[in-house]
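Please read the structure below before turning to the comments.
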Amino acid sequence: MTTVRRVLAVSPHLDDAALSAGATLADFAIRGADVHVVTLFAGAPHEPISPVARAFHVRGGLPQDASAVALRSAEDRAAMDQLGARTHHRGFLDAIYRRTPEGRWLCGHDQAMFDELPLDQGDLRGEVCRDVRRILAAIDPDLVLTCAAVGDHVDHRLTRAAVLDAAAGARAPVLLWEDLPYAIGRPPPPALSETPAARSDAWERKWRAIACYPTQIRMLWPAHVDWAAQLRSHAETRGQGSPAELLAPGLS
Ligand SMILES: [Zn+2]
Numbered sequence: 019m020t021t022v023r024r025v026l027a028v029s030p031h032l033d034d035a036a037l038s039a040g041a042t043l044a045d046f047a048i049r050g051a052d053v054h055v056v057t058l059f060a061g062a063p064h065e066p067i068s069p070v071a072r073a074f075h076v077r078g079g080l081p082q083d084a085s086a087v088a089l090r091s092a093e094d095r096a097a098m099d100q101l102g103a104r105t106h107h108r109g110f111l112d113a114i115y116r117r118t119p120e121g122r123w124l125c126g127h128d129q130a131m132f133d134e135l136p137l138d139q140g141d142l143r144g145e146v147c148r149d150v151r152r153i154l155a156a157i158d159p160d161l162v163l164t165c166a167a168v169g170d171h172v173d174h175r176l177t178r179a180a181v182l183d184a185a186a187g188a189r190a191p192v193l194l195w196e197d198l199p200y201a202i203g204r205p206p207p208p209a210l211s212e213t214p215a216a217r218s219d220a221w222e223r224k225w226r227a228i229a230c231y232p233t234q235i236r237m238l239w240p241a242h243v244d245w246a247a248q249l250r251s252h253a254e255t256r257g258q259g260s261p262a263e264l265l266a267p268g269l270s
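Counting in the numbering used here, the sequence shown runs from 19 upward without gaps.
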C-alpha cells in the first residue's frame, strides 16, 4: 500500500471500530498517520426511550435516560486515545432509539435490529450518506475503513451503504472490516482477506482500547466469558497463529 497519511474509519456505534479494526487503526497511528474515527449513530435519544432501549441500558449498566449516550461517548474518547485516533461523534440515533415514519418503535423486540429492516427509513439513508460525503471532503483521507456488516445489524448495513455511496468516485479506496464480536465462531467471509500483520504494540493498544468500554463489554459478553481471551483467540484463528483483522475491498 502506498504511504497512507490520513485514515478515516466510519464506525456505526461507539465501540465497533475499536472492536473490529482497532489493531489496524493503531498500527496506522504508530506509523505516523493521522487517524480519524467517526461514529455515526452516537446521537442522544429523545425521552422516554423504548422498552428495547431500556432493556439494553439495564444490560449495559447504563442510566435510563439520554445521559447514557454521554457516558458511552466518554468511553469512546478514552478508547480512541488508546488507539491514537481522533474522535468524531455524529448525531444519528441508534436503531434502538428510532421510530418508523409511522411513529412506531423501529425495534419491537431485542433482536429486531438484526431483522431484515429496510434501509430506507424516511430519508435516513440519504442523510447519513450526505453526512459521510461532507466528512470525506473535510478530512480528505487516503484510505477509508468501515464495516462489512457481518451479522446484518441494520445500523451496520446503513453505515456500509452510506460509505460506499459517498465514497463512489472519491480518490480513497474503501476497505470493509469483519464486524466483531458478530463474526466470532463464523467461518471467514470468502470476500475478506487478512490485513498486513499489525505490530504487537498496536495489538496492545487495541486490547487497552476495548477495556475502555465497560458498558459494552457487559452488554456483549456474559459475565463468565473472558472477552479478551475470546477476541484474541478469534484474531489468532483468522491469522492462522498470529493475530489478524480481516479487511476486504469495498465494492458497491
Ligand atoms: Zn455496532
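Note that the Cβ used here is the ideal one computed from N, Cα and C, for glycine as well.
According to DSSP, what are the bridge partners of residue i?
i       : result
Ser-29  : Thr-57
Arg-266 : Looking at the sequence shown, residue 266 is not Arg but Ala. Leu-194, per the DSSP bridge assignment.
Cys-125 : Cys-125 pairs with nothing; no bridge assigned.
Arg-117 : Trp-123
His-106 : Val-56
Gly-250 : Here the sequence assigns Arg to residue 250, which means Gly is not the residue at that position. In DSSP, Arg-250 forms no bridge with anything.
When you compare the CB positions of residue i and residue j, do they come within less than 7 Å of one another, or not?
i       : j       : result
Ile-48  : Ala-262 : no
Val-53  : Leu-37  : no
Pro-30  : Tyr-115 : no
Val-168 : Ala-185 : no
Arg-90  : Leu-32  : yes
Asp-83  : Glu-65  : yes
Just to confirm, does residue i get its C-beta within under 6 Å of one of the non-hydrogen atoms of ligand 1?
i      : result
His-75 : no
Distance check for residue j and residue i, CA to CA, integer angstroms please.
i       : j       : result
Gly-61  : Glu-254 : 35 Å
Val-181 : Val-28  : 8 Å
Ala-190 : Ala-201 : 26 Å
Phe-74  : Met-237 : 7 Å
Val-87  : Ile-67  : 12 Å
Gln-258 : Leu-264 : 12 Å
Thr-21  : Ala-155 : 20 Å
Leu-124 : Ile-235 : 24 Å
Glu-222 : Gln-100 : 9 Å
Thr-177 : Arg-143 : 9 Å
Ser-270 : Val-192 : Only weak support is given to the placement of Ser-270: the predicted model assigns it a pLDDT of 45, under 50, and the value that follows is read from those uncertain coordinates. Approximately 10 Å, taken between the alpha carbons.
Arg-175 : Gly-78  : 23 Å
His-242 : Asp-158 : 43 Å
Arg-24  : Phe-59  : 22 Å
Trp-225 : Ala-246 : 7 Å
Ala-229 : Ala-97  : 8 Å
Thr-164 : Glu-134 : 20 Å
Pro-136 : Thr-57  : 21 Å
Val-70  : Asp-183 : 30 Å
*Give me every residue whose Cβ sits closer than 5 Å to any heavy atom of ligand 1, in chain order.*
Counting every residue whose Cβ lies closer than 5 Å to a heavy atom of ligand 1, we get Pro-30, His-31 and Asp-34.
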